[in-house]
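Asks: Note that the protein sequences, when read in sequence, are chains A and B. Numbering of the first sequence is given in this note's numbering, commencing with residue 1 and proceeding in unit increments. Numbering of the second sequence is given in this note's numbering, commencing with residue 205 and proceeding in unit increments. What follows is a structure written as structure tokens; I'll ask about it next.
2 protein chains.
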Amino acid sequence: MDKNLKRMATMHRMQVTGLELFYKQGYYNTSIDDILKELSLSKGAFYYHFQSKEDFFISIVQNLIVQKVYSMLIEPIEGKEDPFRTIDKCFENALETAEHNEYDYGFVLSNFMAEFNGRNEEISKYLRDIYRVWEVNLVTILQKGKTDGFVARHIDSEGVATYLISSFIGIRMLMVEGNSKMLSYQFMQQLRHYLASMVQQELV
Amino acid sequence: MDKNLKRMATMHRMQVTGLELFYKQGYYNTSIDDILKELSLSKGAFYYHFQSKEDFFISIVQNLIVQKVYSMLIEPIEGKEDPFRTIDKCFENALETAEHNEYDYGFVLSNFMAEFNGRNEEISKYLRDIYRVWEVNLVTILQKGKTDGFVARHIDSEGVATYLISSFIGIRMLMVEGNSKMLSYQFMQQLRHYLASMVQQELV
DNA sequence: AAAAAAACCGACCAAGTGGTCGGTAAGAAA
DNA sequence: TTTCTTACCGACCACTTGGTCGGTTTTTTT
């Protein structure tokens with residue numbers, strides 16, 4: 001933690017409100033004034049703390065978005081025993097949280113990835129890094145699952161991780177369109193079906 | 205086809221260029237002037253043909269995007285025999301096309317869904333409609349596949365359709381980040397694995 | 001309490017934004 | 001050829017955008 005308390009407090013408030021609005025309205029569709037109005041702060045305050053809108057957003061990615069993804073999707077999986085049970089629980093929990101969020105606009109990471117893909121390489125890079133950590137994390141637990149006898153040895157951990165991430169990104173996108181309860185239920189059923197097809201069969 | 209040839213030609217040119225830029229840069233990040241500059245046309249021409257930017261975009265959805273999704277994802281599946289083979293081929297073809305597209309910015313439908321979700325209900329509605337047709341289409345072929353003995357009877361067609369769409373949306377998003385060849389290969393392997401687990405077993 | 005540094009204010013700027021409107025080419029109808 | 005309609009032009013408008021800067025308040029240091 002930095003010592004500079006007031007500074008950090010104001011910056012943090014701006015970042016929190018910034019993420020809220022960027023998430024809700026999109027980056028390009030949200031102006032700095034929108035954020036400042038919400039906080040009753042001035043342009044001067046903003047540009048005292050941040051160099052530009054882009055710099056501001058990157059700080060949000062590194063401070064808030066990273067943390068969100070970690071606590072929701074990465075930490076719940078790290079170092080656990082049974083990969084499939086763990087992934088099942090983690091995804092279920094993530095979907096349930098989204099489902100009960102009245103103001104759900106989708107998966108933070110993929111929303112911004114969609115908005116910046118091919119348009120802002122700098123920001124894309126930071127977002128991509130987060131997704132990579134997630135992927136590595138999944139691959140790790142799957143590999144460990146093989147040696148621990150949970151996961152069939154012939155499966156391709158990287159491929160499974162890719163498929164899991166893909167399906168998660170997609171379902172979160174669909175859920176925003178409404179009917180999220182039904183969708184997440186259907187999704188979890190199929191996910192279980194998919195995972196079940198990869199458990200290590202008992203040696204007879 | 206409308207008779208008004210010149211009218212239709214100009215409108216069409218605007219729509220094509222519009223979709224190109226909206227797809228590449230995003231809707232909110234693309235100005236009407238951007239499009240007009242590309243075509244050496246004036247504001248007057250634009251507002252002679254379209255009422256507003258939103259009206260313009262909706263016409264693009266209804267004319268171009270619908271058609272793109274249909275020809276790539278819906279028609280190749282309609283009325284075919286073996287559902288899993290058909291879906292496999294269709295997805296593989298779609299991914300391959302994307303993979304070889306140097307200027308790939310992701311899945312048109314889901315990109316715009318992400319951009320407008322919760323921000324423009326009008327436009328979201330039209331996009332949602334397309335996705336619904338796709339879903340119904342998948343469910344239909346799966347159900348037919350049951351009676352034809354291709355698909356295990358116990359599976360939930362709606363659930364499978366949702367899962368397929370989710371994973372497709374997700375993988376297309378990931379592919380933009382690069383390494384698309386490897387990603388689409390991994391994806392297809394897992395898709396096949398998933399589909400294979402649902403084939404109707406031979407009655408002994 | 002005085003001085004210095006940190007935090008914040010808000011008027012201002014140039015460069016856009018979506019959209020309007022009176023006018024003008026060009027092709028079809030008379 | 002004249003008339004009329006369709007298609008298009010581009011200056012203009014009100015408003016918003018990201019960003020600057022000289023100045024003021026608040027906090028910390030001395």
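Beta carbons: idealized from backbone N, C-alpha and C, even for Gly. The model shown is predicted, which means the values in this text are computed figures rather than measured ones.
Okay, do the region 114-122 of chain A and the region 62-79 of chain A touch, 3+ Cβ pairs below 8 Å being the bar?
Replies: Segments in contact, no.
Asks: Using a Cβ-Cβ distance under 7 Å, would T366(B) count as near chain A?
Replies: As a first step, residue 366(B) must be located in the second sequence, where it is residue number 162. Yes - at least one Cβ of chain A is within 7 Å of the one on T366(B).
Asks: Less than 7 Å between the C-beta atoms of Y28(A) and V108(A), yes or no?
Replies: On the first sequence, residue 28(A) is found 28 positions in, with the first residue counted as 1. On the first sequence, residue 108(A) is found 108 positions in, with the first residue counted as 1. Cβ atoms of Y28(A) and V108(A): not closer than 7 Å.
Asks: Please report the Cβ distance between M377(B) and G283(B), rounded to the nearest whole angstrom; I am assuming they are in contact, meaning their Cβ atoms lie under 8 Å.
Replies: Walking along the second sequence from the start, residue 377(B) turns up at place 173. Walking along the second sequence from the start, residue 283(B) turns up at place 79. That belief does not hold up - the Cβ atoms of M377(B) and G283(B) are roughly 29 Å apart, past 8 Å.
Asks: Report back the beta-carbon spacing between E306(B) and M379(B) to the nearest angstrom; my notes put them in contact at under 8 Å.
Replies: Residue 306(B) sits at position 102 when you count from the first residue of the second sequence. Residue 379(B) sits at position 175 when you count from the first residue of the second sequence. At roughly 13 Å, the Cβ-Cβ gap does not stay under 8 Å, so E306(B) and M379(B) are not in contact.
Asks: What residues in the region 175-189 of chain A bring their beta carbon closer than 7 Å to a beta carbon of chain B?
Replies: Cβ contacts with chain B come from V176, E177, L183, Q186, F187 and Q189.
Asks: Do L138(A) and A161(A) have their CB atoms nearer than 7 Å?
Replies: Indexing the first sequence from 1 puts residue 138(A) at position 138. Indexing the first sequence from 1 puts residue 161(A) at position 161. In this structure, A161(A) lies closer than 7 Å to L138(A) by Cβ.
Asks: Which partner residues does V61(A) have in the DSSP bridge list?
Replies: The residue you call residue 61(A) lines up with position 61 of the first sequence. V61(A) pairs with nothing; no bridge assigned.
Asks: Cutting at 7 Å between CB atoms, please list the residues of its own chain near K146(A), excluding the five before and the five after it.
Replies: Position 146 of the first sequence, counted from the start, is the residue given in the question as residue 146(A). Taken in chain order, the residues that qualify are R153.
Asks: Whose CA, out of Q201(A), R192(A), V199(A) and E38(A), lies closest to the CA of K89(A)?
Replies: Position 89 of the first sequence holds residue 89(A). It is R192(A) whose Cα lies nearest to the Cα of K89(A).
Asks: Give the interface partners of M276(B) over in chain A, defined as CB-CB distance under 9 Å, in chain order.
Replies: The residue given as residue 276(B) occupies position 72 in the second sequence. Correct list: empty, because the minimum Cβ distance to chain A is about 16 Å.
Asks: What does the Cβ neighbour count give for V61(A), buried or exposed, with the cut at 16 atoms within 10 Å?
Replies: Translated into positions along the first sequence, residue 61(A) becomes position 61. Result: buried.
Asks: Hey, how far is the Cα of G26(A) from the Cα of A318(B)?
Replies: As a working note, residue 26(A) is residue 26 in the first sequence. As a working note, residue 318(B) is residue 114 in the second sequence. Going from the Cα of G26(A) to the Cα of A318(B) covers about 9 Å.
Asks: Is the Cβ-Cβ distance between F254(B) and I236(B) less than 7 Å?
Replies: Walking along the second sequence from the start, residue 254(B) turns up at place 50. Walking along the second sequence from the start, residue 236(B) turns up at place 32. Contact flag unset, no.
Asks: What's the call for Y367(B), buried or exposed, on a 16-neighbour Cβ count within 10 Å?
Replies: Numbered from its first residue, the second sequence carries residue 367(B) at position 163. Its Cβ being crowded by 16 or more others within 10 Å, Y367(B) is buried.
Asks: Please report how far the alpha carbon of I77(A) lies from the alpha carbon of R85(A), in whole angstroms.
Replies: Residue mapping note: residue 77(A) aligns to position 77 of the first sequence, counting from 1. Residue mapping note: residue 85(A) aligns to position 85 of the first sequence, counting from 1. If I take the Cα positions, the gap works out to 10 Å.
Asks: Closest Cβ-Cβ distance between Q347(B) and chain A: below 7 Å?
Replies: Residue mapping note: residue 347(B) aligns to position 143 of the second sequence, counting from 1. So, not an interface residue.
Asks: Can you check DSSP and say which residues form a bridge with V199(A)?
Replies: Reading the first sequence from its first residue, position 199 is the one you call residue 199(A). V151(A).
Asks: Quick one: which residues of the region 299-323 of chain B get their C-beta closer than 7 Å to a C-beta of chain A? List them in chain order.
Replies: Flagged, chain order: Y309, G310, S314, N315, M317, A318, E319, N321, G322 and R323.
Asks: Closest to I262(B) by CA distance: which of Y398(B), E406(B), W338(B) and F320(B) is it?
Replies: Within the second sequence, residue 262(B) is the residue found at index 58, counting from 1. When only C-alpha atoms are compared, the closest one is F320(B).
Asks: Just to confirm my understanding: we take D286(B), look at its own chain, exclude 5 residues before and 5 after, and list those with CB closer than 6 Å. What are they?
Replies: Translated into the one-based positions of the second sequence, residue 286(B) becomes position 82. Counting only Cβ-Cβ distances below 6 Å, and skipping sequence neighbours, we find F354.
Asks: Assuming S370(B) and I171(A) make a contact with CB atoms under 8 Å, what is their CB distance in whole Å?
Replies: Here the question's residue 370(B) lines up with position 166 in the second sequence. Here the question's residue 171(A) lines up with position 171 in the first sequence. Right, their Cβ atoms sit about 4 Å apart.
Asks: How about S244(B): is its Cβ closer than 6 Å to a heavy atom in the ligand SAH?
Replies: Only the bare structure without any ligand can be found here, which leaves the ligand SAH out of the picture.
Asks: Let me know the secondary structure DSSP gives L368(B) once reduced to three states.
Replies: As a first step, residue 368(B) is located in the second sequence; it is residue number 164 there, counting from the start. Residue state, collapsed to three classes: helix.
Asks: Could you check where the alpha helix (DSSP H) with H49(A) kicks off and where it finishes?
Replies: The sequence position of residue 49(A) within the first sequence is 49, counting from 1. K43 to H49 is the extent of the alpha helix (DSSP H) around H49(A).
Asks: To the nearest angstrom, report how far apart Q201(A) and D308(B) are at their CA atoms.
Replies: Position 201 of the first sequence, counted from the start, is the residue given in the question as residue 201(A). Position 104 of the second sequence, counted from the start, is the residue given in the question as residue 308(B). Computed Cα separation, rounded: 41 Å.
Asks: Measuring straight from C-alpha to C-alpha, what distance separates W338(B) and I345(B)?
Replies: The sequence position of residue 338(B) within the second sequence is 134, counting from 1. The sequence position of residue 345(B) within the second sequence is 141, counting from 1. Between W338(B) and I345(B), the C-alpha separation is close to 11 Å.
Asks: What in chain A is Cβ-close to E406(B), meaning under 9 Å?
Replies: Within the second sequence, residue 406(B) is the residue found at index 202, counting from 1. The contacting residues do not exist; E406(B) stays about 18 Å from chain A at best.
Asks: If we define contact as Cβ-Cβ less than 7 Å, is S263(B) a contact residue for chain A?
Replies: To locate residue 263(B), count along the second sequence from 1; it is residue 59. It does not: the Cβ of S263(B) has no partner Cβ on chain A nearer than 7 Å.
Asks: Show which residues of chain B have a CB atom less than 8 Å away from the CB atom of M18(A).
Replies: Working through the first sequence from its first residue, we reach residue 18(A) at position 18. A quick correction: the sequence has Gly, not Met, at residue 18(A). In chain order: nothing, as chain B lies at least about 17 Å away.
Asks: Shorter than 7 Å from the beta carbon of G159(A) to some beta carbon of chain B?
Replies: Here the question's residue 159(A) lines up with position 159 in the first sequence. Yes, G159(A) lies at the interface with chain B (some Cβ there is under 7 Å from its Cβ).
Asks: I'd like the span of the alpha helix (DSSP H) that includes L243(B), first residue to last.
Replies: In the second sequence, counting from the first residue as 1, residue 243(B) sits at position 39. Unbroken alpha helix (DSSP H) run through L243(B): I236 to L243.
Asks: By DSSP, does H100(A) sit in helix, in strand, or in coil?
Replies: As a working mapping, residue 100(A) is identified with position 100 in the first sequence. Correct three-state label for H100(A): coil.
Asks: Are L95(A) and S184(A) closer than 7 Å when you measure CB to CB?
Replies: Here residue 95(A) refers to the residue found at position 95 when the first sequence is read from its first residue. Here residue 184(A) refers to the residue found at position 184 when the first sequence is read from its first residue. Contact: yes.
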